[in-house]
Every structure is written in C-alpha cells, then in structure tokens.
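Asker:
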C-alpha cells in the first residue's frame, strides 16, 4: 500500500467539510482551502502508520496553516500509535487533528484539531494559497514524491508547449491562454523551448516528449476539466 492510497478518502472527508482540496502543494501532501476570504488553510500529512515522523511533519506545517491534520492507516489489531494515549496527548497538545483510514476507505476522526496560536509564516502561507489557486484541477495525489510534481508553473508551460506544437509563434500569440508566456519561454526551465528567430519560439524534442508524457495535463490546462 502507498501513502497516495490515503489521499482519496481524506480528500473526500475534507471536501464534505466544505474545503477545496488539492495534493502536493508546496511540499504538503494535501492542502485544503475554505471559500472564505481570507481562506482557512488546512494542511494534512499522510503516512501509512502514525509515528514520530508524521508528527514532525505536522510541526513543520504549523506556521503556514490554520489547522493541521495527520492521517494514517488504522492498524489491523488496533495496537498502533493511534491507540496510544501518550501519542494522542502529544497531538492534542500540539493542536493536531488525527484521521484514521480503514482499508475500505472509511475515515474516522480520532482527534479534532484545536485552535492554537503558533508563530505564523505569512510568506510561506501566501505561497501555498497562490499555488493552490493557480493550479488547474487536482492533477497530483498527495503522499507521492517519486514523480515530478504537476505545479501550476508546469501546467502553464505545457499550455505554451501545446500552442507551439503546430508551429513557431511569438510570446504575444500565447498570452490569451498563458499570461506568463514571455517569462516561461525566456526562462525555459525544462528545456522545452528554443528561440528560432528574434521574438519567435519553437518546441524542442524534449518539449514534444513532454506533451506525450502529460497529455491529460494539456486537457486540464485548456480548461477541459
């Protein structure tokens, strides 16, 4: 079992609470925003077992969120950390919520988060909210780290690549679908673009391979969610 298998049930749980949920935002397994302005920011970290590493991840996320939830699989015989009063007491003192996920996808609230007043990191919080809002759809299941993350920047770069697939263009030709086209083409972070002439760009072979690798992301970027 992979940590990404917990993502669907936990996402559904938070959606039922009224949050918009997306995976792998700014290193967080799951980021949820409320519809309020400013939004309530909820971060949830996923692990197959409740352990100290999960708690340490939660501590790291405190400064960028309003609530931290920790989610893990329920142990088969009920003898895991979720049943340890000391573990629950630690999480309670830190203000964390605990979610237990069963093999059938059922989610139990083991501990609800409490409102604490940790030191805030407004810049990090702002970056998380911006990435969540700019990312189209929810292309990455939280809990996975082996594959490249489909960030909002990568999505927009794919939009540019898709527009160049049928021939060379100027950055201004791409602006209707990609407001940051000029910066993306000039920075060329992924090596997908090449300057074919003054102010004119074309796709590299690497760029064409990217369109084959992420065809579904082209659809998301074009608004066909």
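Numbering (the numbering used here), first residue to last: 1488 to 1712.
The beta-carbon is built from N, C-alpha and C at its ideal position, and this holds for glycine as well.
Going by CA-CA distance only, name the one from 1671, 1677 and 1656 that's closest to residue 1482.
Answerer: Past the boundaries of the shown model lies residue 1482; the chain is included only from 1488 to 1712, so the question cannot be answered.
Asker: For residue 1641, count neighbouring Cβ atoms within 10 angstroms of its own Cβ and tell me buried if that reaches 16, exposed if not.
Answerer: Result: buried.
Asker: Just list the beta strand (DSSP E) runs in the stretch 1495 to 1520, keeping only unbroken ones of 3 residues or longer that don't cross its boundaries, in chain order.
Answerer: Correct list: 1507 to 1512 and 1515 to 1520.
Asker: Among residues of its own chain, excluding the 5 on either side of residue 1579, which ones have a beta-carbon nearer than 8 Å to its beta-carbon?
Answerer: 1598 and 1601.
Asker: Buried or exposed, going by whether 16 or more other CB atoms sit within 10 Å of the CB of residue 1517?
Answerer: So residue 1517 counts as buried.
Asker: Taking the runs of the alpha helix (DSSP H) that are 4 residues or longer, which of them lie wholly in the stretch 1538 to 1591?
Answerer: With a minimum length of 4 residues, the continuous alpha helix (DSSP H) runs that stay inside the stretch 1538 to 1591 are 1539 to 1548 and 1572 to 1581.
Asker: Within this structure, are the beta carbons of residue 1491 and residue 1592 separated by less than 8 Å?
Answerer: Contact flag unset, no.
Asker: Got a sec? Which residues, its chain only, sit under 7 Å from residue 1494 by beta carbon, not counting five neighbours each side?
Answerer: Hits under 7 Å: 1510, 1517, 1533, 1628, 1629 and 1630.
Asker: Does DSSP classify residue 1709 as helix, strand or coil?
Answerer: Caution is warranted here: a pLDDT of 40 is assigned to residue 1709, below 50, making its placement in the model unreliable, and the coordinate value is therefore given only provisionally. Here residue 1709 sits in coil by DSSP.
Asker: Pull up the CB-CB distance for residue 1616 and residue 1555, whole angstroms please, since I reckon it's below 8 Å.
Answerer: Residue 1616 to residue 1555, Cβ: 16 Å. No contact.
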